[in-house]
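The structure under discussion appears below in the form of structure tokens.
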Amino acid sequence: MDLLAQILINGILLGGLYAVMALGLALVWGVLNIVNLAHGAFIMLGGYLSWHLYTYLGIDPFLGLPITAVVMFGLGYCLQRGVLNLIVRAPMFNTLLITFGLEVVLTYLAQMAFSADFRTINPSYAGSNIALGPVVIPMARLMAFGVAVVLTVGMWLFLLHSRLGRAIRATAQNLVAARLYGVEPRHLYAMTFGIGIGLAGAAGGLYGTVSQIDPYIGATLTAKSFAIAIIGGLDNPLGVLVGGLVLGIIESLTVLYIGATFGDVASFGVLVLVLIVRPSGLLGKTA
Amino acid sequence: MKALVSILLVVAVAVLAAVPWFGSDVLVQFGINALLLAVLAQGWNIIGGYTGYASFGNSVFYGLGSYGVAIAMVQWELPFAVGMIFGVVLAVAFAFLLGLPVLRLKGHYFAIATLALAQVMIAIVSNIGIAGQNIGLVLPPLNNDPLFYELSLILLVAATATVFWLTRIRFGFGLIAIRENEEGAAVMGVNTTLYKVLAFALSGVFSALAGGIHAYWITFLDPASAFDISLNVKMIIMAVFGGPGTVLGPVLGAFVLSGVSEVLSSEVTSAAGLFFGLVVVVAVIFMPRGLADLMRRFRTSGWRYFAENLRAHRI
Amino acid sequence: MSNRTLRLAGAILGAAAILSCAPAMAEDIVLGASVQLTGPVANTGRYYRDAYQFTIDKINEAGGIKVGDKQYKLALKLYDNQSDVNLSVRQYTQLVSQDKVNLLLGPFASNFALADSAVSEKYQIPMVQGGGASDQIFSRKFKYIFGTLAPASNYFGSTVSMMKELDPKPKSVALLYADDAFDVSVAEGTRPLLKDAGFTIALDERYTSNASDFNSLLSQIKNANVDVVLVAGHETEILNFVRQAKSLSVAPKFYSFTVGVPSEDFRKALDKDANYAFGMTAWLPSAKLKDKWFGDAETFAKEYKAKFGYDPDYHAASGAADVEALAQALENAGTLDPKAVRDAIAKLNFDSLYGTIAFGENGQIDLAQTVIQIQDDKLVAVYDAKGFVEKPKYPMPAWNAR
Amino acid sequence: MNAILEITPILEITNVTRRFAGLVAVNDVSFTLKQGEILGVIGPNGAGKTTLVSLISGTLPPTLGDIAFEGHSIVKLPAYQRARLGIGRTFQIMRPFPGLSVLDNVAVGALFGHGGGESELAKAREQAREQLRFVGLEKFSDQRADELGGPSRKRLELAKALAMQPKVLLCDEVMAGLNHVEIDEVIDVLKRVRERGISILVIEHVIKAIKSLSDRLLVLHHGEKIADGEPDTVLSNPQVVEAYLGRKRA
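See the structure below:
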């Protein structure tokens, strides 16, 4: 019973991290209809940025998150404005391909700049934990979970109540709707992509505190993010949080009851099932 | 003009077939690889280019074909040909069982579902004893590259002939109609579900055969290399680079990109991947409709072609 | 077809033509290799690149090698296989058939060696590789593949021997291993060792390679309350395992890992948390290991660090040994003929910085593993074939009691 | 005319309802289409006209109710089987196969339509050419369909449906957005279609155009049938007038 409780806690905390990873992906996909295969690479870059801030400037990874997010936002904004906006109206394959190309480029640049060595962000409290009776709650994961909830709810409020947020949501329905809100579409696209990448950057910072960063973590993280976004649905950040939690819990339970090599069978199997049964996601609107 | 094209094609195939007699071992090796990639691109062309479904699951077919051959040869000690058939059977079964639910999804959802299927296959096969789990299987080596080369060439010719034939029969027209407007096709009497599944299966047959040849040639197979998603991305890039939904485009795309990638990996070895990524990004921006379209319209538009593309697709 | 189309076709043919003009140096003996310089395993792949080049340069500085009555220098032709097995097979074929290299050095990792050994066998060019230890590579009865890593099945051999002598003697063991060729071999070899030594295996779990979340497994370990945890995996997995063990307060009396512990990279990433971790190495930079070219292993390690800026571990030493094995075999054979060199490799028996190089019937070397532990941020050898070298820090204290 | 009306209905709609997530698009509608008849369906925007066509052609399943074609229920059949039985439709939002030539767009109809269609491509193209001649689009045969202008696309929709050799033609606003001359031409085409023995259901927003064409009129309002009968009678029905003129009535 203690074990089950511990496993569930593990799953929930893992799920929070998953949610932040997928938040930006879901936004970009849902609004811009860009399936960003480079998403994981941006998480990786965010991780490196956070690592540099911590190692060379001594900035705590959690306090450094806003800096990471803002820098990554800038990168995302420029990429959309300078590159992705050029192919917004091209056939669907092309956005898949161009983001794949970006992933390859970013991975290689990261390897050149940071070498293939792995890095970890290891603040003093990274290994500490809180014991609740027999259940142990790792500090870093708990904090990451907190950040995840704050970011998710923040995104949700932003989309619902700010003018830019409403313009972004309207754009998800109709490409030129942004004009109705007095926002230039090119700018709005870049803002949306920038926010998505900023969130990916923040996720990278969190990821570095609980796992290791190397230039090649991107592809797996992209795949995971897809699973989460699909399970949760694209039209609501709260859905993504649910998706992350569902996946985290399922994976943890699978490792416990079936075996440690079945985690991926479970998570991607659930993804396929959700797609077939409920393509709009668990919390998404039914078509 | 038509006669000229046919003659050129026959000559091209004849020259390609003669490569093992005058080319170096490396050229033959490169050839096997490029030909198999062309088969994959051509196979993808059926479901992606003609039917309009961006499948990321073709590497599953490829993997099933590889494992068909490997399991048959290693575990059951059956001949290669039986393994190829077994692989094709696995691929077709997969296309029908999973194609039915998955092909109901549209656009990106279909792409992601197939992407996930490839991941699931890696995870499942890693747990199957007869497939060697995650360790993989080691096949008996056969030191006969010319044979593998000619087999690959035959397969490519067969795949291309099939696609050419598709463009002249009702079935192929139905696929194109589905790509262009699925609902419109249904109300005009196209059995869209059946046609999509058949296209998926047909595309799977060629991918599986390519996987089978490759497995026997490389003599080693594990889940990560058999169901490699980047291989699937490669075949899409090649097909899209050459021109999806055209008969020769994917083949051309596969040859050109294989050549570029090979030159890069042997000449600027450490940055090969970087350049490959850049080539993809630039190609997508300037020629989103592929080489076939470039060749068709470059004659009339000249260099303006690229500017026109940019103007047409940006916001 | 228009002119433009033809020109485009010309460009493609031109690209293909470039493939066929890589010149080989006539006077040198060229050793060919394809290793992982980029891609997910690049951080271990570079040990081989550096070790190969370093050793070849050293041999050339000493005037090269004498084959028959001619003096030759060595040269290295190296490709980056981008951590892609298929590409590595193609590159080895290119090395043999196009670049006409004389002999082959190996890639890193068992799955690569498994696939690439088919090329050396096919073309009957001997390959000495120091990066693949899986028993599968050597069970195929290939004649042209030789390995300088100790057999995977015996990686935990010395560790289990030591565990029997620990006080208090541990009872229950958790065995975790990644699902790749090498680590499965390790697990298969370790299980009978544990049983014979009278340990109970409380947990025996295979996990997915590249896993990054070990919380569930760690919770099970904690729940089963095992004394010893043995993990066969990859460096990043071990790294995550240790960090997450700390954050969940999982502290068995003893844990040991197949990789990571000997590598500087790993100790740096974990800092103080690396302490108490056990591992093993078939090689330590000891002055006792004499070497024809480097003097001894300690000098090798010093010069290596000075040149590349990081400490060599057994991967690097094994890579250096590969080059030396080929050089020695060439001198012994007195000819460049690959078949004669192959026979000379099989008969090798010489002392090197890596230890005594003598290949068994199957082509694999047999070296004893020394148990090592990180004590007070330093790597310490604690137990080898002759017994305890240094007192192990055992049992490991709880995380909050360090 | 009366003689024709006596024959068994080719299409029989019984108590059909379609709901979309709480919204009732079509509510308990019943009517028949007789052999050789032209039935006009009118109603204000959002009355459920296009939904009705989709329900009959099979691209949407009804929530409740039954649809029979030549006396057999087709409600469980998928769209393509209904097409093969002889139900052809046009789309209000014109969606040709944009990348195909005008000729091949129509050829698809000939290849697949009623009875499974023509299996040979050459013959199908021949039939397609005939249909293009019939609707007056012959000269655009080789153009890409997405290069056609609006009015021509309406005709293309017709030609595509006709190439299927249907027994029933469902026309979804084929006259919307056309000028008087063009409307007259379409009316002429539809009348000639009827002369071939094809029954037609015409959905139209514009009353004037449909009045002269239809044998009978049916009025939908908020998804419900509010009138059905002779055009003149129906159009003078006060309920219809109210539905159409709404607030202006006062």
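Each protein sequence line maps, in turn, to chains U, B, V and Y. Quick note: the first sequence uses the numbering used here, first residue 1, plus one each step. Quick note: the second sequence uses the numbering used here, first residue 288, plus one each step. Quick note: the third sequence uses the numbering used here, first residue 603, plus one each step. Quick note: the fourth sequence uses the numbering used here, first residue 1005, plus one each step. Using N, Cα and C, we set each Cβ at its ideal position, and we do this for glycine too.
Query	Result
So which residues of chain U does B/Arg601 contact, with C-beta pairs closer than 8 Å?	Asn85, Leu86, Ile87, Val88, Arg89
If the criterion is Cβ atoms closer than 9 Å, does the pair V/Val721 and V/Tyr757 meet it?	no
Per DSSP, V/Val833 forms a beta bridge with which residues?	V/Leu778, V/Phe859
Give the secondary structure of V/Asp588 by DSSP, where H, G and I count as helix, E and B as strand, and everything else as coil.	This structure cannot speak to residue 588 of chain V, because chain V is shown only from 603 to 1004.
Identify every residue that forms a DSSP beta bridge with V/Tyr809.	V/Ala780
With a Cβ-Cβ cutoff of 9 Å, do V/Ala719 and V/Ile739 count as a contact?	Contrary to the premise, residue 719 of chain V reads as Ser rather than Ala in this sequence. Going by C-beta atoms, V/Ser719 is nearer than 9 Å to V/Ile739.
What does Y/Arg1022 pair with, by DSSP beta-bridge criteria?	Y/Val1030
Name the DSSP beta bridge partners of Y/His1225, please?	Y/Glu1228
Pick helix, strand or coil for V/Asn704, following the three-state DSSP scheme.	coil
Would you decide whether U/Leu63 is buried or exposed? Buried here means 16 or more other CB atoms lie within 10 Å of its CB.	exposed
Should V/Lys724 be flagged as near chain B, meaning a C-beta pair shorter than 9 Å?	yes
At 9 Å on the CB atoms, spell out the chain V contacts of U/Leu132, in chain order.	Simply none; closest approach about 12 Å.
In whole angstroms, give me the CA-to-CA distance for Y/Glu1016 and B/Ile417.	58 Å
Residues of chain Y with CB closer than 7 Å to the CB of B/Ala464, please, in chain order.	Phe1101, Val1112
Any beta carbon from chain U within less than 9 Å of V/Asn756's own beta carbon?	no
Counting only beta-carbon atoms, is Y/Ala1128 nearer than 9 Å to chain B?	yes
What's the gap between the Cα of U/Arg81 and the Cα of B/Phe573?	16 Å
For B/Gln362, which of helix, strand or coil comes out of DSSP?	helix
Give the range of the beta strand (DSSP E) segment to which V/Lys672 is assigned.	672-674
Give a yes or no on whether the C-beta atoms belonging to V/Leu705 and V/Ile631 are separated by under 9 Å.	yes
Under 9 Å between C-beta atoms, does B/Val313 make it to chain V?	yes
So V/Val830 contacts chain B; which residues on that side make the cut at Cβ distance below 7 Å?	In chain order: nothing, as chain B lies at least about 25 Å away.
Assign V/Gln726 to buried or exposed, taking buried as 16 or more other Cβ atoms, counted over all protein chains shown, within 10 Å of its Cβ.	exposed
With a CB to CB cut of under 8 Å and the five nearest residues on each side skipped, what residues in its chain are close to B/Thr447?	Gln329, Val534, Leu535, Val538
On the three-pair Cβ rule with 8 Å, is the segment 248-260 of chain U touching the segment 800-818 of chain V?	yes
Output the boundary residues of the alpha helix (DSSP H) element that contains B/Val371.	According to the sequence shown, residue 371 of chain B is Met rather than Val. From DSSP, the alpha helix (DSSP H) with B/Met371 extends over 367-389.
By the criterion of Cβ-Cβ separation under 8 Å, what are the contact partners of V/Trp1001 in chain U?	Gly127
Would you call the segment 439-456 of chain B and the segment 826-834 of chain V in contact, with 3 or more CB pairs under 8 Å?	no
For my contact list, V/Gln558 and B/Ala559 are in at a C-beta cut-off of 8 Å; report their separation, rounded to the angstrom.	Because chain V here runs from 603 to 1004, residue 558 of chain V falls outside it and cannot be looked at.
Which same chain residues, not among the five before or five after V/Thr607, have their C-beta less than 8 Å away from its C-beta?	Confidence is the limiting factor: at V/Thr607 the pLDDT is only 47, short of 50, which leaves the residue's position unreliable and the question unanswerable from this model.
Helix or strand or just coil, what does DSSP make of V/Gly936?	coil
Is B/Gln362 close to chain V? Criterion is C-beta to C-beta, closer than 9 Å.	no
So, with DSSP's three-state summary, where would you put Y/Ser1123?	coil
Please report the residue range of the beta strand (DSSP E) in which V/Phe748 lies.	747-749
Is it the case that the Cβ atoms of B/Trp331 and B/Asn519 are separated by a distance below 9 Å?	yes
Rounding to the nearest angstrom, what Cα-Cα distance links V/Ala789 and B/Phe507 in this structure?	22 Å
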